[in-house]
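Quick mapping for you: the protein sequence lines, in order, are chains S and G. In terms of our numbering, the first sequence is residues 1 to 110. In terms of our numbering, the second sequence is residues 1 to 110. We treat Cβ as the ideally placed atom computed from N, Cα and C, and that holds for glycine. None of these values were measured; they are calculated from a predicted model. Just below is one structure, and these are the notes that go with it.
Number of protein chains: 2
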Amino acid sequence: MSDKNSHLGEFEHLLLLALMQLGGKSHGTLIRHNLKDLVNRDASIGALYATLERMEKKGYVTSSVGEPTAERGGRAKRYFEVTAEGKKLLKQTKKNLEVMWQGVQLWQNL
Amino acid sequence: MSDKNSHLGEFEHLLLLALMQLGGKSHGTLIRHNLKDLVNRDASIGALYATLERMEKKGYVTSSVGEPTAERGGRAKRYFEVTAEGKKLLKQTKKNLEVMWQGVQLWQNL
DNA sequence: TCCATTTCCTCTACTTTGTATAATAAATAA
DNA sequence: TTATTTATTATACAAAGTAGAGGAAATGGA
């Protein structure tokens, strides 16, 4: 067993990992910065939400709207979190990649 | 530095790794079996070639047709191999994933 | 010879993911 | 009550993922 006929797209994969890292404070702007800071990925905010929403539809994440904050422009944020199914898929994806990387050697000069 | 504005898709990633594993003997049917055996991925042969050809166009792989073999139906095979650019991208992809996985914990019960 | 069979590759059309831009919404400060 | 700020939503298009049918090259036996 392994595959299960459903895979995480490349960007989906990164997004789920960003959510895992950020924990309870995962909302659009923060997620975006996380990706930028950690792997220099410049995702537009629209790209981000579109993908997150698709994953919500598929049951890999859930979202909920929080309270507004007291700062200027501090409207309520939408927080995302990874579901059990999302985590399962993450785990599977990681395992598959580890298997495929097994024995593969990439030389220094690259 | 990191991103570079070009990423490996999920399937592209797996295919490049399959080529690395198979080395000089990477042709359609074998690659397909490699994916099936290692990660239980059932890719149609059409899906496989389409993706390989797109990657060739992008410069991540090259291909060349070999000699027919003496067996029944042993027509010439088309062999694929990963280019230096493909390897560079593989390496970058791996690094990015390692960074994103950093500190992420997935519990047993999944 | 020529047709059935085998192995392998090509074509093509469609779905899903990745992506950016523009628009909208809610909040606060003046 | 409007300008500004933070944040999300809508929409449209390009790229990647995918399957299925069809074509090509080889061999073995009528």
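Start-end ranges of the beta strand (DSSP E) lying completely within the stretch 18–74 of chain S, minimum 3 residues: As far as the stretch 18–74 of chain S is concerned, its whole beta strand (DSSP E) runs of at least 3 residues are 61–65.
Distance CB(Glu185(S))-CB(Gly9(G)) smaller than 8 Å: It is not possible to answer for residue 185(S), since the shown part of chain S is limited to 1 through 110.
Reducing DSSP to helix, strand and coil, say where Val82(G) ends up. Residue numbering aside, residue 82(G) sits at position 82 when the second sequence is read from its first letter. Looking at Val82(G) - three-state DSSP - the assignment turns out to be strand.
Assigned secondary structure, Lys88(G) (DSSP; H/G/I helix, E/B strand, else coil): As a working note, residue 88(G) is residue 88 in the second sequence. If DSSP states are grouped into helix, strand and coil, Lys88(G) belongs with the helices.
Taking DSSP as the reference, what is the three-state secondary structure of Val99(G)? Residue mapping note: residue 99(G) aligns to position 99 of the second sequence, counting from 1. Val99(G): helix per DSSP, three-state reduction.
Would Tyr60(S) pass as a contact of Val39(S) if the rule is Cβ separation under 8 Å? By 1-based counting over the first sequence, the position of residue 60(S) is 60. By 1-based counting over the first sequence, the position of residue 39(S) is 39. In this structure, Tyr60(S) lies away from Val39(S), with their beta-carbon atoms at least 8 Å apart.
Between Gly28(S) and the ligand PLP, is the CB less than 7 Å from at least one heavy atom? Ligands are entirely absent from the displayed structure, and the ligand PLP is therefore not among its contents.
Hey, Leu35(S) and Leu14(S): beta-carbon distance below 8 Å or not? The count along the first sequence starts at 1 and reaches residue 35(S) at position 35. The count along the first sequence starts at 1 and reaches residue 14(S) at position 14. With contacts defined by Cβ atoms closer than 8 Å, Leu35(S) and Leu14(S) form a contacting pair.
Within 8 Å of any Cβ in chain G, is that where the Cβ of Glu81(S) sits? What you label residue 81(S) is simply residue 81 of the first sequence in a count that begins at 1. No - not a single Cβ of chain G is within 8 Å of the one on Glu81(S).
I need the DSSP call for Lys77(S), collapsed to helix, strand or coil. Here residue 77(S) refers to the residue found at position 77 of the first sequence. Per DSSP, reduced to three states, the secondary structure at Lys77(S) is coil, with no helix or strand assignment.
Distance cutoff 8 Å, beta carbons only. Does Val99(G) sit that close to anything in chain S? Walking along the second sequence from the start, residue 99(G) turns up at place 99. Closer than 8 Å: yes.
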